[in-house]
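Student: Quick one: the structure is below, and I'll ask about it shortly.
2 protein chains.
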Amino acid sequence: MQLTTKGRYAVTAMLDLASNDSTRPVTLDMISQRQNISLSYLEQLFAKLRKASLVKSIRGPGGGYLLNVDPVDVTLTEIIEAVDENIDLRRCHGSKNCLRGKQCLSHHLWCEVSDQIRGFLSSRNLQQVMDDYYTNQDIKVKLTV
Amino acid sequence: MQLTTKGRYAVTAMLDLASNDSTRPVTLDMISQRQNISLSYLEQLFAKLRKASLVKSIRGPGGGYLLNVDPVDVTLTEIIEAVDENIDLRRCHGSKNCLRGKQCLSHHLWCEVSDQIRGFLSSRNLQQVMDDYYTNQDIKVKLTV
DNA sequence: TTATACTTGACTATTTTACTTGGTTACTAG
DNA sequence: CTAGTAACCAAGTAAAATAGTCAAGTATAA
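Line by line, the protein sequences are chains A and B. Every position in the first sequence, counted from 1, becomes a number in the numbering used here once 3 is added. Every position in the second sequence, counted from 1, becomes a number in the numbering used here once 3 is added.
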């Protein structure tokens, strides 16, 4: 994998962008304050998110970042892989030579687990996670799931 | 989490134990050679597996380790958590105070992901993984799934 | 033209993982 | 009984990944 702070921060930051009705760009400074994430760390993450075309940037005063995609069209896997490399538990990373040229006792297992996690994260898009959040905050909004 | 080499090694070692028909104890030295894992690292892992009552040890010449449970009764979650702490992606680890005392935008999400992974790993026992392995090695054995 | 805000790259600190070393203790085969 | 085997234990180290910092830029809107 790994699924760690880096991926979580990326998803959180994207959620922040998606929440703030995005006609106006959002500065990293705002996200940093709202989500309690180090500004300089956000800079690194957004460089990667931009390379992955998930966000676009506007420079200068009044500038900031905007989503470059519809929240319905971004899966969590895309976000996480954009900053986090890959979701792959296999020691051999697919080459099947984990144990002296052969595949190890648990090779197939780790393939399955990786697929499961990736599958789950791919089945969720930004919009759904936002909806989930507001549902769980007891701000009952009628959802069209 | 994390799902990393440590957890993989533990599962692999348990699979090795389960494969070797376990009337005779298996030495860590044997597992180390067969699975290509450092002996001293195995010692650390087996200390934890023993504390979790997943294996039992026999000292002295002819000694070694034996499974302390039926392979059908050990889930992968049990093994991994025995050496790896916990499978929990949440920053707050459940206290729901991830963001200034409140739960963060993606709190519910990480609960779900953690549950998914844990659920999957809990649905698999040692025996199944062994069977899987031999199936995928083209040693076609009739399985009762 | 100046303040704002993104961009970059290198650098540091911390944590975790993986592994090593050097023992001690329990046991048993001979 | 004793010598050797193998578990057990405690530190410490190495390497990698994660998390975060710093400083010097560049583009742009007001």
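Every residue, glycine too, gets a C-beta built ideally from N, C-alpha and C.
Our contact map puts B:Y1 next to A:L102 with C-beta atoms below 8 Å; I'd like the distance itself, whole angstroms only.
Tutor: This structure does not reach residue 1 of chain B, given that chain B is present from 4 up to 148, and the question cannot be answered.
Student: Flag this pair as touching only if the stretch 107-125 of chain A and the stretch 48-67 of chain A have three or more C-beta atom pairs under 8 Å; answer yes or no.
Tutor: Flag = no, the stretch 107-125 of chain A and the stretch 48-67 of chain A do not touch.
Student: Near A:A21, what residues of its chain come up, given a Cβ to Cβ distance below 8 Å and the 5 sequence neighbours on each side ignored?
Tutor: So the qualifying residues of the chain are L70, P74, L129, Q130 and M133.
Student: At the level of alpha carbons, what is the spacing between A:G63 and A:L57?
Tutor: Approximately 20 Å between the Cα atoms of the pair.
Student: Applying the criterion that 16 or more other CB atoms from any shown protein chain within 10 Å of the CB defines a buried residue, is B:I82 buried or exposed?
Tutor: Buried.
Student: Report back the beta-carbon spacing between B:A13 and B:V77 to the nearest angstrom; my notes put them in contact at under 8 Å.
Tutor: B:A13 to B:V77, Cβ: 11 Å. No contact.
Student: Please decide whether B:N39 counts as near chain A, where near means a Cβ-Cβ distance under 8 Å.
Tutor: Yes - at least one Cβ of chain A is within 8 Å of the one on B:N39.
Student: Considering B:S125, what are the terminal residues of the alpha helix (DSSP H) in which it resides?
Tutor: From DSSP, the alpha helix (DSSP H) with B:S125 extends over H110 to S125.
Student: Starting from the C-beta of A:I61, find all residues in its chain whose C-beta is less than 8 Å away, skip the five residues before and the five after it, and write them out in chain order.
Tutor: Around A:I61: P28, G67, Y68 and L69.
Student: Rounding to the nearest angstrom, what Cα-Cα distance links A:M4 and B:L45 in this structure?
Tutor: Unreliable positioning characterises A:M4 in this predicted model, as indicated by a pLDDT of 48, which lies under 50. The coordinate reading is nonetheless provided below. Taking the straight line from one Cα to the other gives about 23 Å.
Student: Can you grab the Cα-Cα spacing for the pair A:L124 / B:F49, in whole Å?
Tutor: Their Cα atoms are separated by approximately 33 Å.
Student: In this structure, how does DSSP classify B:S56 when only helix, strand and coil are distinguished?
Tutor: Three-state result, B:S56: coil.
Student: Taking the alpha carbon of A:L79 as the reference point, which residue from A:T138, A:A16 and A:R127 has its own alpha carbon closest?
Tutor: It is A:R127 whose Cα lies nearest to the Cα of A:L79.
Student: Roughly how many angstroms lie between the CA atoms of B:K145 and B:L18, to the nearest whole one?
Tutor: Confidence at B:K145 is low in this model, with a pLDDT of 33, below 50, so the placement of that residue is unreliable and no value is reported for it.
Student: Within 10 angstroms of its Cβ, does A:G122 collect 16 or more other Cβ (buried), or is it exposed?
Tutor: That one is exposed.
Student: Buried or exposed: which applies to A:R11, given that a residue is buried once 16 or more other Cβ atoms fall within 10 Å of its Cβ?
Tutor: Classification for A:R11: buried.
Student: Return the chain-ordered list of same chain residues with a C-beta closer than 6 Å to the C-beta of B:A16, the five sequence neighbours on each side being excluded.
Tutor: For B:A16, where only same-chain residues beyond five positions count, the Cβ hits under 6 Å are I34.
Student: Would you say the beta carbon of A:Y137 comes nearer than 7 Å to a heavy atom of the ligand ADP?
Tutor: This structure lacks the ligand ADP; in fact it carries no ligand of any kind.
Student: Should A:D91 be labelled buried (16 or more other beta-carbon atoms within 10 Å of its own) or exposed?
Tutor: Under this definition A:D91 is a buried residue.
Student: For a cutoff of 8 Å on Cβ pairs, would you count B:I120 as touching chain A?
Tutor: Answer yes: the Cβ-Cβ gap between B:I120 and chain A drops below 8 Å somewhere.
Student: Please return the same chain residues whose Cβ sits closer than 6 Å to the Cβ of B:K59, not counting the five positions on each side in sequence.
Tutor: Answer for B:K59: L69 and N71, listed in chain order.
Student: Quick one: give me the first and last residue of the alpha helix (DSSP H) that B:G66 is part of.
Tutor: Here B:G66 belongs to no alpha helix (DSSP H), and DSSP marks it neither H nor E.
Student: Hey, how far is the Cα of B:N39 from the Cα of B:I120?
Tutor: About 27 Å.
Student: Here's the rule I'm using: 16 or more other beta-carbon atoms within 10 Å means buried, otherwise exposed. How should A:L42 be labelled?
Tutor: That one is exposed.
Student: Would A:Q106 be called buried (16 or more neighbouring beta carbons within 10 Å of its own) or exposed?
Tutor: That one is buried.
Student: If you draw a straight line from the alpha carbon of B:K9 to that of B:L31, how long is it in whole angstroms?
Tutor: Distance between the alpha carbons of B:K9 and B:L31 is about 16 Å.
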